[in-house]
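Protein chains in written order, with my numbering: chain A, 323 to 711; chain B, 323 to 711.
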């Protein structure tokens with residue numbers, strides 16, 4: 323069970339014959355509606371209780387309209403509640419760059435399909451890290467756009483205050499073509515940032531080997547800007563931001579799924595159910611505190627990410643862990659991953675993960691983060707970086 | 323999906339050609355080992371992680387040796403953690419007496435198979451009510467023997483301090499034949515109790531319609547004894563005993579399953595996972611209190627159930643609920659059922675559920691409870707009651 327595609331017959335829909343993406347192929351995470359096919363959400367009890375969609379999700383329609391051909395729906399962690407990509411119902415998609423290791427999730431199948439070369443790009447979703455983490459683990463370009471920028475119609479929600487549609491590619495050129503279409507904005511080669519912040523707390527939080535492996539990429543980034551400085555990204559602590567984000571995301575995801583759970587008592591992987599049980603028990607006072615911390619985190623990143631400034635950090639604190647680890651081993655890893663990804667859902671700032679480093683032969687990504695709306699600048703920087711590789 | 327048998331090829335093993343059970347057929351809940359076949363435990367991830375047994379469970383071997391023929395393994399609530407009999411992986415066995423309603427669990431398939439006439443008797447397990455509840459809901463004779471009396475070798479444990487092996491039958495004659503073999507003691511027709519206690523708290527706790535439907539059975543019981551009196555069974559409250567039992571059972575079941583969960587992160591129905599998550603969070607101080615309450619409950623029932631005395635109560639507070647209710651609807655029902663069953667696991671006293679009453683066309687059972695070791699007396703009373711029907 324290592325296919326990136328959902329079990330059953332493969333969906334294939336030809337794209338428009340002309341357009342900026344003509345000739346490209348794509349896959350869509352099984353959280354996106356494809357008309358006439360169930361949206362499975364990675365769980366056998368989800369589709370059964372939900373009608374078959376009659377329209378494509380906005381992002382699927384947009385890619386088809388601009389020439390890309392859909393070649394399949396991809397496996398996701400159950401109802402997008404996972405970060406490792408191990409789905410016990412549908413299988414763990416292969417991480418071709420590290421076959422004994424997880425692909426990362428929840429957009430596991432999309433990352434796997436692109437990394438295996440089965441398609442040129444693939445749609446994922448990123449609420450708490452679900453595009454960024456598999457980008458890092460599979461050695462891909464991946465974006466979490468500015469929150470609220472893309473139309474999420476037809477995308478299964480998890481926590482609307484943090485949900486985004488993202489995508490993957492193996493090379494910066496394809497990544498830029500797809501990004502231009504989905505962002506609805508040209509990727510201008512000379513529209514590059516001039517200042518770089520190195521998030522010292524995030525590098526300090528990563529495994530030393532990962533921080534060291536990313537150093538040459540940071541050097542290359544540095545050579546493309548006029549000014550480089552080190553800053554603490556999260557003065558209260560990455561773990562405090564993570565706690566706030568997990569609180570907000572959990573409260574929202576419980577609201578999203580509680581009626582389904584109450585009605586259907588679905589089958590779920592133990593850790594997914596455990597997360598939902600914890601979510602249901604979060605006190606309102608804790609949620610209120612988290613909302614205040616979100617406001618402070620947004621202000622912090624807004625202040626750091628002035629026009630022309632980007633920030634870099636390790637996408638994940640380490641490369642992909644081995645498959646089928648025990649919960650005792652995985653729970654601390656999950657918690658550490660969240661510390662490096664939570665700023666995305668918490669602040670809504672766009673982030674691009676760049677491939678190019680390895681630890682013990684496994685990929686690990688470097689992320690660049692910009693102010694709200696600077697998505698195209700980040701993509702342009704990704705292209706410039708690749709050109710210089 | 324209403325078969326009582328586990329999916330896949332049916333197991334069939336002929337019993338000895340002579341013996342007290344010659345000519346009878348039986349089924350075994352999928353918690354009992356049958357040599358050469360996986361013990362599934364009602365969950366797709368359990369068998370995979372556990373070796374195929376090489377010996378029959380003690381109870382299976384005993385029935386085969388005394389002439390009964392095994393005709394199948396039956397569906398159980400996942401890892402015996404359920405009281406309603408709705409298993410989303412293997413299906414909900416038919417309750418032939420109330421087809422739109424649950425069969426009761428966790429020995430759901432065993433009760434269903436006997437109630438449908440597919441076999442003469444069937445093995446179940448009762449930790450918190452898993453034989454008594456389906457007996458009541460399906461209109462069967464069922465026994466939870468004295469805790470510690472039967473050899474539980476080859477029976478998948480849940481909470482060893484409360485686990486028992488029980489069995490079902492449609493008629494008291496068959497029930498007595500099987501009971502004599504498994505208890506290893508003759509069922510003596512004139513060895514009957516002389517005093518009857520009516521548990522007024524338990525009758526008051528049941529739905530009024532259920533209490534009323536059971537009245538004629540209580541009258542019949544009363545006519546067979548010299549003395550009848552009303553007593554409160556649980557002075558601290560049935561809900562307090564239930565809380566103590568749920569605490570003890572939960573702590574033990576978490577110990578039983580935690581290594582498997584940690585290693586395998588299994589798929590589970592939401593409510594099963596939710597129960598395990600709660601179990602893991604029980605403070606030691608709460609467990610200690612529950613252990614003290616267990617000692618007090620044992621003393622209470624020991625004092626009430628003097629030699630020659632039995633106590634009667636409704637087996638369940640109502641007949642079988644409808645299938646596929648929401649958790650909002652089911653959770654309070656589950657909690658109420660526990661209030662009438664928790665004394666079993668808490669005190670270890672033997673209990674027999676007798677059929678013979680109906681509410682709105684659905685069966686509901688009357689239970690008789692005796693002192694430790696009085697199992698055969700309870701079975702003899704069941705036989706005497708049927709003779710007088």
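By construction, the Cβ of each residue, glycine as well, lies at the ideal position given by its N, Cα and C atoms.
It should be emphasised that the depicted structure is a prediction, and the values quoted were computed from it without experimental measurement.
Closer than 7 Å at the beta carbon, the chain B residues around residue 584 of chain A: The answer, in chain order, is 648, 649 and 650.
What separation, rounded to the nearest whole angstrom, lies between the Cα atoms of residue 336 of chain B and residue 472 of chain B? The alpha-carbon atoms of residue 336 of chain B and residue 472 of chain B are separated by roughly 23 Å.
Span of the alpha helix (DSSP H) holding residue 383 of chain B? 380 to 387
Note down the Cα distance separating residue 727 of chain A from residue 689 of chain A, rounded to an integer number of angstroms. There is simply no residue 727 of chain A to check, as chain A begins at 323 and stops at 711 in what is shown.
How should residue 345 of chain B be labelled, buried or exposed, when 16 other C-beta atoms within 10 angstroms of its C-beta is the threshold for buried? Classified as exposed, residue 345 of chain B has fewer than 16 neighbouring CB atoms from the shown chains inside 10 Å of its CB.
From B:702, B:706 and B:709, residue whose alpha carbon lies closest to that of residue 509 of chain B: B:702
Local Cβ density within 10 Å of residue 492 of chain A, reported as buried at 16 or more and exposed below that: buried
Cα-Cα separation between residue 447 of chain B and residue 454 of chain B, rounded to whole angstroms: 10 Å
Which residue comes first and which comes last in the alpha helix (DSSP H) that contains residue 620 of chain A? 606 to 626
Can the beta-carbon of residue 662 of chain B be found less than 9 Å from the beta-carbon of residue 639 of chain B? yes
Please determine, among A:324, A:402, A:378 and A:338, the residue with the shortest C-alpha to C-alpha distance to residue 417 of chain A. Nearest neighbour of residue 417 of chain A by Cα position, chosen from A:324, A:402, A:378 and A:338, turns out to be A:324.
Nearest-angstrom Cα separation, counted from residue 482 of chain B out to residue 422 of chain A: 38 Å
Member of B:613, B:587 and B:543 whose CA lies at the smallest distance from the CA of residue 571 of chain B: B:613
Between which residues of its own chain and residue 533 of chain B is the CB-CB distance below 6 Å, once the five residues before and five after are set aside? 525
Among A:591, A:587, A:580 and A:559, whose alpha-carbon lies nearest the alpha-carbon of residue 716 of chain B? Nothing can be reported for residue 716 of chain B: it is not among the residues displayed for chain B, which extend from 323 to 711.
When you compare each of B:474, B:443 and B:451 to residue 463 of chain B by their alpha carbons, which one comes out closest? B:443
Span separating the alpha-carbon of residue 649 of chain B from that of residue 575 of chain B: 22 Å
Considering only residues of the stretch 449 to 535 of chain A, which uninterrupted alpha helix (DSSP H) runs meet the minimum length of 4 residues and lie entirely inside it, listed in chain order? 454 to 460, 494 to 505 and 522 to 527
Let me know the secondary structure DSSP gives residue 351 of chain A once reduced to three states. strand
Amino acids of chain A, ordered along the chain, whose beta-carbon sits closer than 8 Å to that of residue 599 of chain B: 595, 596, 599 and 600
Bridge partners of residue 413 of chain B, per DSSP? In DSSP, residue 413 of chain B forms a bridge with B:409.
Please confirm whether residue 467 of chain A has its beta-carbon closer than 9 Å to some beta-carbon of chain B. no
Identify, in the order they occur along the chain, each residue of the same chain with its Cβ nearer than 6 Å to the Cβ of residue 521 of chain A, setting aside the five sequence neighbours on each side. 555, 633 and 635
Please report the residue range of the beta strand (DSSP E) in which residue 272 of chain A lies. This structure leaves residue 272 of chain A out entirely; chain A is present only between 323 and 711.
May I ask you to verify whether the stretch 388 to 405 of chain A touches the stretch 358 to 376 of chain A, counting CB pairs closer than 8 Å and requiring at least 3? Under the three-pair Cβ rule at 8 Å, the stretch 388 to 405 of chain A counts as touching the stretch 358 to 376 of chain A.
Proximal residues, the stretch 386 to 415 of chain B versus chain A, C-beta separation under 8 Å: 408, 410 and 411
Segment contact, 8 Å Cβ cut-off, at least three pairs: the stretch 368 to 381 of chain B with the stretch 347 to 355 of chain B: yes
Using only alpha-carbon positions, find the residue among A:478, A:469 and A:490 that is nearest to residue 374 of chain A. Measuring C-alpha to C-alpha distances from residue 374 of chain A to each of A:478, A:469 and A:490 identifies A:478 as the nearest.
Excluding five sequence neighbours on each side, which residues of the same chain lie with their C-beta closer than 7 Å to the C-beta of residue 550 of chain B? Correct list, in chain order: 518, 520 and 544.
Within the continuous beta strand (DSSP E) that includes residue 681 of chain A, where are the two ends? 673 to 681
Pick from B:546, B:539 and B:487: whose alpha carbon is nearest that of residue 513 of chain B? Comparing Cα positions, the closest option is B:546.
Answer with buried or exposed for residue 437 of chain A, where buried requires no fewer than 16 other C-beta atoms within 10 angstroms of its C-beta. buried
Taking the C-alpha atoms as reference points, what is the distance between residue 568 of chain A and residue 654 of chain A? 14 Å
Kindly list, in the order they appear in chain A, the residues whose Cβ is closer than 8 Å to that of residue 655 of chain B. The premise fails here: residue 655 of chain B is roughly 13 Å from chain A at the closest Cβ pair, so nothing lies under 8 Å.
Is the beta carbon of residue 684 of chain A sitting closer than 9 Å to the one on residue 419 of chain A? yes
On a CA-only basis, which of A:704, A:431, A:686 and A:450 is nearest residue 657 of chain A? Give me that one, please. Nearest option by C-alpha distance: A:450.
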